[in-house]
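In this text, residue positions in the sequence shown follow our numbering: the first is 732, and each later residue adds one. From the three backbone atoms N, C-alpha and C, an ideal C-beta is built for every residue, glycine too. Model, not experiment: these values are computed from the prediction. Below: the structure, in structure tokens.
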Amino acid sequence: MAERIVILTGAGISAESGLGTFRDGDGLWSRYDLNAVATPGGFARDPALVHEFYNARRANARAAAPNAAHRALARLERDWPGAVLIVTQNVDDLHERAGSRDVLHMHGELAQALCAACGARWPAPAAMAPGDSCPACAARAVRPDVVWFGEYPYHMDRIAKALRAADLFVAIGTSGHVYPAAGFVQEAAQAGARTLELNLEPSATASDFDAARFGPAGVIVPDWVA
Ligand code: BV8
Numbered sequence: 732m733a734e735r736i737v738i739l740t741g742a743g744i745s746a747e748s749g750l751g752t753f754r755d756g757d758g759l760w761s762r763y764d765l766n767a768v769a770t771p772g773g774f775a776r777d778p779a780l781v782h783e784f785y786n787a788r789r790a791n792a793r794a795a796a797p798n799a800a801h802r803a804l805a806r807l808e809r810d811w812p813g814a815v816l817i818v819t820q821n822v823d824d825l826h827e828r829a830g831s832r833d834v835l836h837m838h839g840e841l842a843q844a845l846c847a848a849c850g851a852r853w854p855a856p857a858a859m860a861p862g863d864s865c866p867a868c869a870a871r872a873v874r875p876d877v878v879w880f881g882e883y884p885y886h887m888d889r890i891a892k893a894l895r896a897a898d899l900f901v902a903i904g905t906s907g908h909v910y911p912a913a914g915f916v917q918e919a920a921q922a923g924a925r926t927l928e929l930n931l932e933p934s935a936t937a938s939d940f941d942a943a944r945f946g947p948a949g950v951i952v953p954d955w956v957a
């Protein structure tokens with residue numbers, strides 16, 4: 732196994748845990764207008780709708796359990812201490828609940844609330860609403876701690892550094908449509924890493940990868956880790 736592995740995960744790794752993906756047939760973006768629920772403008776226009784969207788996903792995530800793919804990645808990290816970094820686009824906590832420790836949520840976390848006025852973060856309540864006030868500054872400026880379209884993803888400096896140092900870059904369960912995450916494979920390849928795609932089907936960036944295995948993550952990820 733390589734010494735330094737960066738693993739990018741997307742909604743597909745949580746699909747077998749029962750959490751919806753975004754762009755598959757009945758995905759979230761077929762049922763919700765992305766601009767209404769995953770942009771700052773949408774939140775400004777209708778905060779109640781956005782809180783309803785994330786409250787439902789927070790409840791689903793809390794009721795879901797990690798699947799064999801999450802557990803296999805936790806095993807890989809345990810067997811190769813210090814060698815594995817998971818960069819996830821997912822806002823659920825299934826990697827952590829499977830036992831992974833080094834996880835960067837570049838699009839934020841459902842389990843966190845954020846104050847848009849003072850930047851305070853705290854564990855999100857089960858249901859958030861527009862009238863909620865910040866426990867630190869009392870401003871009624873509470874929002875889900877997720878990165879919306881047009882907002883800058885979290886942990887970008889650490890991710891860029893890890894991509895430059897990686898021997899192996901693996902993308903699991905992502906369609907390769909959302910940037911800057913979809914560009915990570917090229918950054919890693921340019922720095923000399925080997926690249927592998929593990930997905931249900933070829934992603935939009937499939938041609939950027941050296942190798943690929945296709946199938947449900949719950950099957951192909953444990954096979955790859957074994
Ligand atoms: C930004 C919120 C400035 C949280 C989300 C070029 C460069 C930079 C930016 C852009 C650019 N072009 C356009 C942009 C702007 C935009 C963008 O990418 N737009 C797209 C639509 C074209 N990007 C942004 O605005 C980002 N910010 O750019 O800031 C900047 C510029 C440069 C450098 C740094 C910063 C912010 C993007 C974050 C938006 N927030 N969500 C939430 O609600 O969850 S995005 C949303 O899509 C989720 O976070 C999700 O994780 C993400 C990616 O989707 P996927 O995870 O890939 O899920 P999807 O359904 O698409 O695919 C699932 C895959 O799994 C499929 O391939 C399927 O086959 C597979 N699958 C299904 N079942 C299984 C499976 N695989 C295995 N097993 C299974 N069982």
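Between the options, which has its C-alpha nearest residue i's C-alpha?
i	options	result
Val873	Ala847, Lys892, Tyr883 and Gly741	Ala847
Ala814	Pro911, Ser938, Cys865 and Leu894	Leu894
Val878	Ala867, Tyr910 and Cys868	Tyr910
Leu841	Tyr785, Leu759 and Gly749	Tyr785
Ala937	Ile903, Ala957, Val950 and Val956	Ile903
His908	Ala800, Arg762, Gly743 and Glu734	Gly743
Leu899	Leu816, Ala803, Arg788 and Ser864	Leu816
Ala912	Arg889, Pro884 and Ala897	Pro884
Arg871	Val737, Ala851, Glu918 and Arg889	Ala851
Val950	Asn791, Gly772, Leu804 and Arg762	Leu804
Ala867	Trp853, Leu825 and His836	Trp853
Ala769	Asn791, Ala948, Gly839 and Pro797	Gly839
Gln820	Ala948, Ala935 and His886	His886
Ala891	Pro875, Gly914 and Asp823	Gly914
Glu827	Ala857, Tyr763, Ala775 and Arg793	Arg793
Give every residue of the same chain whose Cβ lies closer than 6 Å to the Cβ of residue i, excluding the five residues on either side of it in the sequence, and list them in chain order.
i	result
Ala746	Thr752
Arg789	Leu841
Ala897	Arg735, Val737, Ala919 and Ala924
For residue i and residue j, which I take to be in contact (beta-carbon distance under 8 Å), what is that distance rounded to the nearest angstrom?
i	j	result
Phe945	Leu927	Between Leu927 and Phe945 the Cβ distance is about 12 Å, and since that is not below 8 Å, they are no contact.
Val818	Leu929	Incorrect: roughly 14 Å between the Cβ atoms, too far for contact.
Ala844	Met859	6 Å
Ala795	Gly830	The Cβ separation is near 16 Å, so there is no contact.
Ala799	Pro953	5 Å
Leu807	Val956	5 Å
Pro771	Gly862	Incorrect: roughly 19 Å between the Cβ atoms, too far for contact.
Under 8 Å Cβ to Cβ from residue i, same chain only, skipping five residues before and after it: list those, please.
i	result
Pro933	Ala943 and Phe945
Might you give, ordered along the chain, the residues of its own chain that have their beta carbon closer than 7 Å to the beta carbon of residue i, omitting 5 neighbours on each side?
i	result
Asp777	Ala767
Quick one: which unbroken beta strand (DSSP E) runs of 3-plus residues sit fully inside the segment 769-831? Chain order, please. The qualifying runs are 815-819.
Alpha helix (DSSP H) runs contained entirely in the segment 909-933, provided each spans 4 or more residues: Counting whole runs of 4 or more residues, the segment 909-933 contains the alpha helix (DSSP H) stretches 915-921.
Could you pull out every unbroken beta strand (DSSP E) segment of at least 3 residues lying fully inside the segment 848-886, listed in chain order? The qualifying runs are 852-854 and 873-877.
Fully enclosed by the segment 737-762, which alpha helix (DSSP H) runs are 4 residues long or longer? Segments of the alpha helix (DSSP H) lying fully in the segment 737-762: 759-762.
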